[in-house]
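Single-structure report; data block below.
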Amino acid sequence: MLPIPANELNGPGTLGPYWTFYHAVVAEQLRQWLPGRPSLLLDLSGGRGRWPAQAARAGHRVIEVMDFRRPAEPWLRDASERIQKVRADNLGFLPDCSVDGVIAEERALSVEIMAESVVEDVARVLRPGGRALLCVDSLVLGMAILAEQNYWAHLCQTGEVMLIPWPDGSITRCFTSQQIRELITGAGLEVEWVRPRTVLSPSTVDHVLSGESKSLSWLVRTELETQADGDDTVGIHLVASARKPL
Numbered sequence: 062m063l064p065i066p067a068n069e070l071n072g073p074g075t076l077g078p079y080w081t082f083y084h085a086v087v088a089e090q091l092r093q094w095l096p097g098r099p100s101l102l103l104d105l106s107g108g109r110g111r112w113p114a115q116a117a118r119a120g121h122r123v124i125e126v127m128d129f130r131r132p133a134e135p136w137l138r139d140a141s142e143r144i145q146k147v148r149a150d151n152l153g154f155l156p157d158c159s160v161d162g163v164i165a166e167e168r169a170l171s172v173e174i175m176a177e178s179v180v181e182d183v184a185r186v187l188r189p190g191g192r193a194l195l196c197v198d199s200l201v202l203g204m205a206i207l208a209e210q211n212y213w214a215h216l217c218q219t220g221e222v223m224l225i226p227w228p229d230g231s232i233t234r235c236f237t238s239q240q241i242r243e244l245i246t247g248a249g250l251e252v253e254w255v256r257p258r259t260v261l262s263p264s265t266v267d268h269v270l271s272g273e274s275k276s277l278s279w280l281v282r283t284e285l286e287t288q289a290d291g292d293d294t295v296g297i298h299l300v301a302s303a304r305k306p307l
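Note that our numbering has the sequence shown beginning at 62, numbered continuously upward.
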């Protein structure tokens, strides 16, 4: 059974409390990850995330690459002078070693089937010592979607690349923690850490948040303090931090 129903993966549905928690975790992970000094960041989330606005508020300049294939969320439009929006299908417009950090959220690497070429481009534009924050669909999510669609035979297949058909006809590429590590090191970057985005279940989150409003900060702190590096058994997404060697 899906850890989260497929029709609720991109919207609140009946899991409003869980998504409130999820986005709070993402925001805190980004806050902790962002450079301590004003920097130039590249966002590859396709105009579908809150990350550019958060980074701009923290004093950073952001180049936000808009994805032609997935429309931006209109309610996420930000007029900050620190955010420059660019329509492009690759990073050829950026010179080598030109940005301090790269953020690839909103399943950008899972929607891009040839994720290797994207991460190689990320490594190219990063300055030495620069970092990348990458989020991908997990193997747990992929197996659950296959099971929900009764593709039982596919669950027995193993391969280097796991491509999952979604009910809406799109394709997602799902990763194990080892595969995301290989994706990073194959591009010449160093892995800092890999972990599930969240390990707390929707039912646990809903139960705790139904008690008192102050529980959200406690839940987020508990989630981020959980030692789950490399755990492939939980979570619909994996998140990784990488660094370009000096």
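C-beta: ideal position from N, C-alpha, C; glycine also.
Is it buried or exposed, P263, if we count other Cβ atoms within 10 angstroms and call 16 or more buried? The residue you call residue 263 lines up with position 202 of the sequence shown. With 16 or more other Cβ atoms within 10 Å, it is buried.
Provide the residue span of the alpha helix (DSSP H) that contains R304, from first to last. As a working note, residue 304 is residue 243 in the sequence shown. That residue, R304, is in no alpha helix (DSSP H); its beta strand (DSSP E) goes 298–304.
Would you tell me roughly how many angstroms separate the C-alpha atoms of G110 and V86, rounded to the nearest one? Reading the sequence shown from its first residue, position 49 is the one you call residue 110. Reading the sequence shown from its first residue, position 25 is the one you call residue 86. Straight-line Cα distance between these residues: approximately 14 angstroms.
Please work out which residues of its chain come closer than 6 angstroms, Cβ to Cβ, to R304, disregarding the five sequence neighbours upstream and downstream, and give them in chain order. What you label residue 304 is simply residue 243 of the sequence shown in a count that begins at 1. Only R192, E251, E253 meet the Cβ criterion.
I'd like to know whether the C-beta atoms of L105 and V126 end up nearer to each other than 7 angstroms. As a position in the sequence shown, residue 105 is number 44, starting the count at 1. As a position in the sequence shown, residue 126 is number 65, starting the count at 1. Contact flag set, yes.
Anticipated Cβ contact below 8 angstroms, Q90 with L261, distance rounded: Your numbering for residue 90 matches position 29 in the sequence shown. Your numbering for residue 261 matches position 200 in the sequence shown. That pair is no contact at about 14 angstroms.
Residue span of the beta strand (DSSP E) that contains V197, given as start and end: Position 136 of the sequence shown, counted from the start, is the residue given in the question as residue 197. Where V197 is concerned, the enclosing beta strand (DSSP E) stretches over 187–199.
On the DSSP bridge list, what partners appear for Q145? The sequence position of residue 145 within the sequence shown is 84, counting from 1. Paired residues: I124.
Does the Cβ of P78 have 16 or more other Cβ atoms within 10 Å, making it buried, or fewer, making it exposed? In the sequence shown, the residue the question calls residue 78 occupies position 17. P78 comes out buried.
Specify the secondary structure class of I174 as computed by DSSP and reduced to three states. The count along the sequence shown starts at 1 and reaches residue 174 at position 113. Three-state result, I174: coil.
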